[in-house]
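Structure first, then comments.
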Amino acid sequence: MNGPRGFSLRALTEGQRDLSLSERVLTLRSRWRLVVQLGLGTGLAWLLADEVFGHPQPFFAPIAAVIAVMAGGGQRHRAAIELIFGVAVGVLVGELIIHVIGRGYWQISIVVVLAIVVGTLLGLKGLALTQTVTSSILLAAVVPVAGASNPAVTRFLDALIGGLVGLAMALLIPRNPVRDIDREVQSILRALASNLGQIAHALRGLDARGADRALLRARNMQPAVEAMIATSTNAREIARMAPLRWKQRDHVEAYFSSLTNIDNAIRDSRVLARRVATMLRHGEAPPTDLAIAIDALGKAVGIFGSDLSEYDAFDGAQDQLIQAARMATLALPAAASINTVATIVQVRALAADLLYASGFDRDEIDERLDFD
């Protein structure tokens, strides 16, 4: 008995570190907005359902408010609306069926089956369909409240009231979209700049294994890139829908428009690391200034991130990116191997992607990167 339980606990805690009290306090401070949204939203949902609409014990109103707040904070608002609708459908199906067939083990089975059927026919899926089923189970399991003239309609309205209140909390007390997206983008750009420095270091030391490690790090950045894209989508919706964040729309759009090019730059860095590793494994002597050019490219990435964060002109970043591309191009010897040429091409490609992200169009990039 202790064996399986011990194994389960070890599996759950393996690789995790207990947070110190100070770290937990910082985590709590970072969640202040969520605390306010849930505290106000649940109380207001109950107040509206109970005092304004006269529904006795409207417990589903605060439940739906919690679901809407959590979905609105971590998913797109359309998903939040679908969750609210899923809860309401589950409540309606559960109440209507239980009103006819009563309560019991086989009645719950029928309610669940019908909730899935109705939810699917209405186009619900994923978490919204799950909420439909769980809501119907809850309604099938609890004793109906005395005094409700029409329990099905009453609970359905409670779910809608709570869901709308929760969604309102997410929009009226919104997260800071610029801060959210900036945190993700700056983390990615710092990792990119650091990895470019590692590639340059491997090149100077003729260290093929070091270049391979840089390639592995670049590959491992992909989950962070996907998280950045998801966060940016949420941030964009908050900036568009939340009145308190409308003034941040332009800044969020600047981030959002740069994401594809940042993603391309990460992919370029993978190819760059692979080419450098291949060059060094083959014993090819790299051009003298190529490592300096890659170092300069890493510094340019840092300047680009700073300009993007401060919503400032990209003049400094653009100059540094062009300079890094120029240094790499001029480092190309008259007689060069395919790997050397490909490495220099990737430096130019990475610089070009970030120049695109800074607002340059194709003609401007072609002109600025023409060093003949």
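Just so we're aligned, residue -13 is where the sequence shown starts under our numbering, counting upward by one. Glycine included, C-beta positions come from ideal geometry on N, C-alpha and C.
Is it buried or exposed, G288, if we count other Cβ atoms within 10 angstroms and call 16 or more buried? Residue burial annotation: G288 is buried, with at least 16 other C-beta atoms found within 10 angstroms of its C-beta.
Evaluate contact between the segment 143 to 150 and the segment 87 to 100, counting only Cβ atoms and requiring at least three cross-stretch pairs below 8 Å. They do not touch, by the three-pair rule.
Find the nearest neighbour of V22 within the set S292, H85, M155 and V139, judged by alpha-carbon distance. A check of alpha carbon separations from V22 across S292, H85, M155 and V139 identifies M155 as the nearest.
Extract the residue ranges of the alpha helix (DSSP H) inside the segment 4 to 84, only unbroken runs of 4 or more that lie entirely within it. 7 to 16, 18 to 33 and 46 to 60, all fully within the segment 4 to 84.
Do L266 and A197 count as a contact pair if the criterion is CB distance below 7 Å? Yes, Cβ-Cβ distance for A197 and L266 is below 7 Å.
Option nearest N250 by Cα separation, candidates L341, L153, A311 and L355: Its Cα nearest to that of N250, the residue L341 stands out among L341, L153, A311 and L355.
Reduced DSSP category for K233 - H, G, I as helix; E, B as strand; rest coil: In this structure, K233 counts as helix in the three-state DSSP scheme.
Option in A328, I67 and A35 with minimal Cα separation from T140: A check of alpha carbon separations from T140 across A328, I67 and A35 identifies A35 as the nearest.
My understanding is that S344 touches Q304, with C-beta atoms under 8 Å, so please give their C-beta distance in whole angstroms. About 6 Å; that satisfies the 8 Å criterion.
Helix, strand or coil: which one does DSSP assign to R161? Of the three classes helix, strand and coil, the one that applies to R161 here is coil, per DSSP.
Under the three-state DSSP convention, the category R348 falls into: Here R348 sits in helix by DSSP.
Do you know offhand how far G60's Cα is from G302's? Reliability fails at G60, whose pLDDT of 46 lies under 50, so the model's placement of it is uncertain and the value that follows must be treated cautiously. Per the coordinates, the alpha-carbon of G60 lies some 35 Å from the alpha-carbon of G302.
Other residues of its chain near I308: CB distance less than 6 Å, five sequence neighbours each side excluded: The beta carbon of I308 is closer than 6 Å to those of R354 in its chain, skipping five residues each way along the sequence.
Can you round the beta-carbon distance between A204 and I252 to whole angstroms, since I take them to be within the 8 Å contact cut? Correct: roughly 7 Å between the Cβ atoms.
Report back the beta-carbon spacing between I167 and V238 to the nearest angstrom; my notes put them in contact at under 8 Å. Beta-carbon to beta-carbon, I167 and V238 are separated by about 6 Å, close enough to satisfy the 8 Å threshold.
Residues near A127 in its chain [Cβ-Cβ closer than 8 Å; skip 5 each side]: So the qualifying residues of the chain are R89 and I94.
Between L110 and the rest of its own chain, which residues show a CB-CB distance below 8 Å, the 5 nearest in sequence each way excluded? Correct list, in chain order: E68, F71, G72, V75 and T118.
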